[in-house]
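There are 2 protein chains.
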Amino acid sequence: MKLSTKGRYGLKAMLDLAVHCNEGQIALKSIAERQELSENYLEQLFAALKKAKLVRSVRGSQGGYSLGRSPEKITVGDILRTLEGSMSPTDCVSENCETHHCSNSDCCVTRNVWEKIRDGINNVIDNITLQELVDDYNSSNEALNSQVEDVTTDVLRQD
Amino acid sequence: MKLSTKGRYGLKAMLDLAVHCNEGQIALKSIAERQELSENYLEQLFAALKKAKLVRSVRGSQGGYSLGRSPEKITVGDILRTLEGSMSPTDCVSENCETHHCSNSDCCVTRNVWEKIRDGINNVIDNITLQELVDDYNSSNEALNSQVEDVTTDVLRQD
DNA sequence: ATCAATTCCTAGTAATTTACTTGGTTTTCA
DNA sequence: TGAAAACCAAGTAAATTACTAGGAATTGAT
């Protein structure tokens, strides 16, 4: 039960976009370079993200992508569901699947388990916003920078 | 992010075994028939379950499988992890993977998300025992039977 | 002693999915 | 006018999935 690269790359790319798109739009190429991902492959992911209105695009030179709405209003669940399809562990408890009732009891019992797993996953991914990830990024970057400063200070201190 | 048939069939089969193995061992063939699964395929799953000591086997005629320990001591997590491997959404937060630290902040931020999803899943599957599923099965079967009785009574009442 | 039922074991395989790449076309700013 | 970008469709190698096939070893029943 693994996420595919769509979900993994997609979340990384969306975080990168959220961190960098304060001023205007940014080109896929720069996301691809920073995140070391294939630009062509990202195109496909962004086509889906655009369709889901999670990103907006501007064509032509100096064009690029920006977030479709403010990062507080985009959840990890929005992104993963767009790229991976339903995050349910089985098709029979997917959102799009009309609740079909099965005749034998074993089925219902295990179905119940799949529903609980589904709810467990959704409860996590629908309650983390892109804004929170941006905040995490910024604070961990701060920590990293002050570490670098420390080291620099140490080095300077040596002479 | 879907379970494979290994996990799905495996849990169904283990529930079937738990429900039926009160007296002695039961043959894979009967599980396969009741659950409408390929016997040969189930063999492969049971090889793994046996290795994990979740089932015991008796060879030869009249042989079959029984639970490796009491159903209160077998969790859904035990079964799924045996058949599916780690239930983590990415390899980088799997149990077997030594916590490798990545240099760039984006990685750590998304890694954090994967960890939360992993914990959400584990929290569900490690807290459901096979015994609970057996209980669910029995009570839903009771309900089903009393429904059948009701219908029978209704039919009888009509003359 | 034999036979049927069972577990156990290895290998093969068709279909599907994944993770891309290739090679364009269209749009727009400088 | 040209470069940089989004947009689009199709192809593809590798891996994975969900089995099947075919047997060997073991054991209880007759």
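Sequence lines, in order, name chains Y and S.
Each residue of the first sequence is one higher than the one before, counting from 1 in this note's numbering.
Each residue of the second sequence is one higher than the one before, counting from 1001 in this note's numbering.
The beta carbon of each residue, even a glycine, is placed where N, CA and C say it ideally should be.
As the structure is a prediction and not an experimental result, all values here were calculated from the model.
Measure how close the beta-carbons of residue i and residue j come, nearest whole angstrom, since I'm counting them as under 8 angstroms.
i       : j       : result
Y/V113  : S/L1037 : Not a contact, Cβ separation roughly 17 angstroms.
S/G1077 : S/N1122 : 6 angstroms
Y/R118  : Y/P89   : 6 angstroms
S/C1021 : S/S1057 : Not quite, the Cβ-Cβ distance comes to about 12 angstroms (not below 8 angstroms), so this is no contact.
For the alpha helix (DSSP H) that residue i lies in, which residues bound it at each end?
i       : result
Y/R34   : L28 to Q35
Y/R81   : V76 to E84
Y/V93   : Segment: none, Y/V93 is in no alpha helix (DSSP H) and carries neither H nor E.
Y/R8    : T5 to H20
S/L1049 : E1039 to K1051
Once the 5 residues before and after residue i are set aside, which same chain residues still bring their CB inside 6 angstroms of it?
i       : result
S/A1052 : T1082
S/K1145 : Note that residue 1145 of chain S is Asn in the sequence shown here, rather than Lys. Hits under 6 angstroms: none found.
S/Y1009 : L1037
S/D1135 : none
S/D1159 : Here the model assigns S/D1159 a pLDDT of 44, short of 50, so the residue's position is not dependable, and the following value carries that caveat. Within the same chain, S/D1159 has no close Cβ partners at all.
Starting from residue i and walking both ways along the beta strand (DSSP E), at which residues does that stretch end?
i     : result
Y/G64 : G64 to L67
Y/R59 : No beta strand (DSSP E) holds Y/R59; DSSP gives it neither H nor E.
I'd like to know whether the C-beta atoms of residue i and residue j end up nearer to each other than 9 angstroms.
i       : j       : result
S/Y1137 : S/V1019 : yes
Y/P71   : Y/L28   : no
S/L1003 : Y/M87   : no
S/I1172 : S/G1064 : Residue 1172 of chain S is absent from the model: chain S starts at 1001 and stops at 1159.
Y/E39   : Y/A32   : yes
S/G1060 : Y/G120  : no
Measuring CA to CA, which of the options is closest to residue i?
i       : options                               : result
Y/E43   : Y/V93, Y/M14, Y/S70 and Y/C108        : Y/M14
Y/C107  : S/N1141, S/N1040, S/N1127 and S/I1125 : S/N1141
S/I1074 : S/R1059, S/R1008, S/N1127 and S/Q1147 : S/N1127
S/L1133 : S/I1079, S/S1030, S/A1048 and S/E1039 : S/I1079
Y/R111  : Y/G120, Y/C92 and Y/A143              : Y/C92
Y/S30   : Y/Q62, Y/R8 and Y/K50                 : Y/Q62
Y/D16   : Y/E23, Y/R34, Y/G24 and Y/S139        : Y/R34
Y/S139  : S/Q1147, S/S1139, S/V1148 and S/V1109 : S/V1109
Leaving aside the five residues before and after residue i along the sequence, list all residues of the same chain whose C-beta is less than 7 angstroms from its C-beta, in chain order.
i      : result
Y/S94  : S86 and S88
Y/K6   : L45, L83 and E84
Y/A48  : T82 and L83
Y/N96  : S86
Y/R157 : Confidence is the limiting factor: at Y/R157 the pLDDT is only 47, short of 50, which leaves the residue's position unreliable and the question unanswerable from this model.
Please work out which residues of its chain come closer than 8 angstroms, Cβ to Cβ, to residue i, disregarding the five sequence neighbours upstream and downstream, and give them in chain order.
i       : result
S/E1115 : V1093
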